[in-house]
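Chemist: Using this note's numbering, the first residue of the sequence shown is number 23, and each one after it goes up by one.
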Amino acid sequence: MTETVSLPLGERELIIETGKIAKQAEGAVWLRYGDSVVLVTACSSSPREGTNFLPLTCDYREYTYAAGKIPGGFFKREGRPTEKEILSSRLMDRPIRPLFPEGYRNDTQVMAMVLSAEPDMNQDVLGICGAGAALYISPIPFQHALAAVRVGLIDGNFVVNPRLSELQRSSLNLIVAGTDEAIVMVEAGARGVSEEKMVEALEFGHNAIKQITAAIKELGARIKATKRTVEPPAFDADVDKKVVQSARDKIKEALNTTGKLASEQRMDEVKEEILALFPEEEPEKQVLASRSFERLKESIFREQVLKEKRRPDGRAFDQIRAITTEVGLLPRTHGSALFTRGETQALVTVTLGTSEDEQRMEDLAGESTKRFMLHYNFPPFSVGETGPLRGPGRREIGHGALAERAITSVLPAEDLFPYTIRVVSDILESNGSSSMATVCGGILALEDAGVPITTPIAGIAMGLIKEGDEFCVLSDIAGFEDHYGDMDFKVAGSAEGITALQMDIKITGVDPAILRQALQQARDGRLFILGKMNETMTEPRPAISVYAPRILTLRIPTEKIGAVIGPGGKIIRGIIEQTGVKIDSEDDGTVKIFSVDSEAAERATRMVSELAAVAEVGK
């Protein structure tokens, strides 16, 4: 039986339907928003034995037929996921993962298929809404109605799900996901938006979310799915008591040991000592003891922060780890920087190229080019481990996209700086917040490369420990605090405002008061980090590297384009052969000359100018 709910949302109507399509899936919803249609399904299988994590997979796919196109390339069919699809899959995963019940270990897959795409719209938020709806109406033990919206800030007004064309003039591109009770995930790019305006945007988005979750709950009430129960993890009171009595003091000592590797090594030694108290002939007790040990470790950390007001490394809640910066350490690169904050270190390089180096992309919205790219690499040695070197995973792509979004808004306009820019961040050490170290190192490397950024920015990761009404917000969280805390809240921006935001939580939501405090504390930390960065670079270098290509731009009368090109391109080829430069001319009379040799570029510019000169009486 088909069930449908609908509601007005922004300029369009959102329709959610179930019972007609993909009926063998445990949960399936058909979402229509304007001319966009997305099918989202949810399925699960039996529990994975021996796992201590949620085996959840989220996949978002865009089919070219949705936009009336045939795929390019030799095979003429969709292949591996694009970067946009990977980022959209992460957007689905992040808000639903913390809402599954504790102890749920069933393999679960959520799939979103874009079947029809309105050209001037991004369908990613429909994937999140569909994931929340499909899980809510299914037998899978997911009890929360979850939805998401995109919020723009255009001419001082907030807009729900703005069109792609509207986002071009929006100072904010915010995706917020949540339940009717609280916000659970945030992803944003901005152009110097203030902290207070960002909180207003989050509240505006949450109000829109409540309308969608009400519709999802209505749909769930009609379906009346019987939710499967989740067996709580096995627990043995005697084993737990023995672990607590034997390990508490040792865990606290290991937790407060100076240095990440030393602390981890001591913690591993303590765990081995505790597990050795239980006979090998009773492996089930060793498993139970291991679980008790992990629970105790988390409990001690959280208790120490909330009750004793003490972090494992002894810092105050708003204190930033020691920072060192260095630029120009790689002589043949166009720009380089080494940014170290505590035990997190990023080596960031900048390479400048011409328009021929722009990334060419094609998606459902059409073809486009990209003149700024940021690539993030996380080799296993950065955390003292071994591992195969493969292509970038979802995490690396996501971290790179966040840092790229943070920096994009402070790059110079193309007519002022007509270069293609590639930034590469290699993480050499990691103990929390490597993506924000990438932002800081990226800005220093851009300044070292002579890129005239509009203003320097910095990034910081904030954490949260919350028990009931009591909470603590932590600045510049380390890896342990990220792992056992309740929130990872990354904020990047300048002294004036925010350029990027990302929030993930492990609890069922956070209220605006906590977000407001976290944003203000992040601003204080950001200003401190900017001060440290300014000790090394206060402004971009006055000139680009001698190894970078020179790009000279001139405008000639359109009627002179033919004179410069010549019959069959003879004249322009002659200039290229004589000077060794590359020349690109456009229909509006813009001529770009590229060369690593500045003298050759100047010579070619003079030759083009002479050919395009307009005759004047007396000259």
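Cβ atoms here follow ideal geometry from the backbone N, Cα and C, with glycine treated the same way.
Count the other C-beta atoms from every protein chain shown that fall within 10 angstroms of the C-beta of P184, then say buried if there are 16 or more, exposed otherwise.
Modeler: With 16 or more Cβ atoms within 10 Å of its Cβ, P184 is classed as buried.
Chemist: Take every Cβ of the stretch 98-113, pair it with every Cβ of the stretch 395-405, and state whether three or more of those distances are shorter than 8 Å.
Modeler: With the cut-off at 8 Å, the stretch 98-113 and the stretch 395-405 do not touch.
Chemist: Which residue marks the beginning of the beta strand (DSSP E) containing A276, and which one marks its end?
Modeler: Unbroken run through A276 is the alpha helix (DSSP H), A259 to L277; no beta strand (DSSP E).
Chemist: Kindly confirm or deny that the stretch 147-161 and the stretch 43-59 touch, where touching means at least three C-beta pairs closer than 8 Å.
Modeler: Yes, the stretch 147-161 is in contact with the stretch 43-59.
Chemist: May I ask which residues mark the beginning and end of the alpha helix (DSSP H) holding V630?
Modeler: Segment S620 to A634, the alpha helix (DSSP H) holding V630.
Chemist: Looking only at DSSP bridge pairs, what is M525 linked to?
Modeler: M525 pairs with V208 and F511.
Chemist: For Y398, write down the residues that DSSP places opposite it in a beta bridge.
Modeler: Bridge partners of Y398: S447.
Chemist: Can you tell which of Q190, L277 and L310 has the C-alpha that lies nearest to the C-alpha of Q326?
Modeler: Closest option to Q326, Cα to Cα, is L277.
Chemist: Within 10 angstroms of its Cβ, does Q381 collect 16 or more other Cβ (buried), or is it exposed?
Modeler: Exposed, by the Cβ-count rule.
Chemist: According to the Cβ coordinates, are G272 and V292 closer than 8 Å?
Modeler: Looking at the sequence itself, residue 272 is Lys, so the reference to Gly does not match. Yes, they are a contact pair.
Chemist: Using a 10 Å radius around the Cβ and a threshold of 16 neighbouring Cβ atoms, would you call T521 buried or exposed?
Modeler: It is buried - the Cβ of T521 has at least 16 other Cβ atoms within 10 Å.
Chemist: Using CA atoms only, rank isn't needed, just tell me which of E378, A259 and L351 is closest to A368.
Modeler: When only C-alpha atoms are compared, the closest one is L351.
Chemist: With a Cβ-Cβ cutoff of 8 Å, do P564 and S617 count as a contact?
Modeler: Contact flag unset, no.
Chemist: My output table needs one value for K246: the three-state DSSP class, helix, strand or coil.
Modeler: Note: K246 maps to coil in three-state DSSP.
Chemist: Look up V652 in the DSSP assignment and give the residues it is bridged to.
Modeler: No answer is possible for residue 652: the residues shown for the chain start at 23 and end at 641.
Chemist: Work out the CA separation of E561 and S358 for me, nearest whole Å.
Modeler: Going by the C-alpha atoms only, they are around 15 Å apart.
Chemist: In this structure, does DSSP put M289 in helix, strand or coil?
Modeler: Helix at M289.
Chemist: Do the stretch 468-487 and the stretch 431-440 meet, that is, are 3 or more Cβ pairs less than 8 Å apart?
Modeler: These segments touch.
Chemist: Among all the DSSP beta bridges, which residues are the ones paired with G420?
Modeler: G420 pairs with nothing; no bridge assigned.
Chemist: What's the C-alpha gap between G602 and T376?
Modeler: When rounded, the distance between both Cα atoms is 15 Å.
Chemist: Say yes only if the C-beta of D115 is nearer than 7 Å to one or more non-hydrogen atoms of the ligand ADP, and no if none qualify.
Modeler: This structure lacks the ligand ADP, and indeed carries no ligand of any kind.
Chemist: At the level of alpha carbons, what is the spacing between P353 and A623?
Modeler: Each residue's Cα considered, the two are about 23 Å apart.
Chemist: Closest to D57 by CA distance: which of F122, L78 and S138 is it?
Modeler: Among F122, L78 and S138, the Cα nearest to that of D57 is on S138.
Chemist: Tell me the DSSP secondary structure of V532 in three-state form.
Modeler: Here V532 sits in strand by DSSP.
Chemist: Tell me the rounded alpha-carbon separation between V60 and I322.
Modeler: The alpha-carbon atoms of V60 and I322 are separated by roughly 45 Å.
Chemist: R595: buried (16+ other C-beta within 10 angstroms of its C-beta) or exposed?
Modeler: So R595 counts as exposed.
Chemist: Could you say which of V265, V147, G413 and R538 lies nearest to V221 if we only look at CA atoms?
Modeler: When each option's Cα is compared against that of V221, the closest is R538.
Chemist: Does the beta-carbon distance from M207 to R343 come in below 8 Å?
Modeler: No, the pair does not count as a contact, with Cβ atoms beyond the cut-off.
Chemist: Can you give me the C-alpha to C-alpha distance between G531 and A169, rounded to a whole angstrom?
Modeler: Going by the C-alpha atoms only, they are around 13 Å apart.
Chemist: From this set, N453, V405 and M559, which residue's C-alpha is nearest A480's C-alpha?
Modeler: For A480, the nearest C-alpha among the options comes from M559.
Chemist: Considering only the beta carbon of each residue, do I231 and V198 sit closer than 8 Å?
Modeler: Yes, they are a contact pair.
Chemist: Buried or exposed: which applies to P255, given that a residue is buried once 16 or more other Cβ atoms fall within 10 Å of its Cβ?
Modeler: By the 10 Å Cβ count, P255 comes out exposed.
Chemist: Pop quiz: I449 and R393 are said to be a contact at Cβ under 8 Å. What is the actual Cβ separation, rounded to whole angstroms?
Modeler: With a Cβ gap of about 25 Å, I449 and R393 do not count as contacting.
Chemist: With a threshold of 16 other CB atoms inside 10 Å of the CB of T580, please say whether the residue is buried or exposed.
Modeler: Answer is exposed; the Cβ neighbour count stays below 16.
Chemist: Along the alpha helix (DSSP H) that carries Q600, what are the first and last residues, could you check?
Modeler: Start and end: K592 to T601.
Chemist: In this structure, how does DSSP classify N229 when only helix, strand and coil are distinguished?
Modeler: N229: helix per DSSP, three-state reduction.
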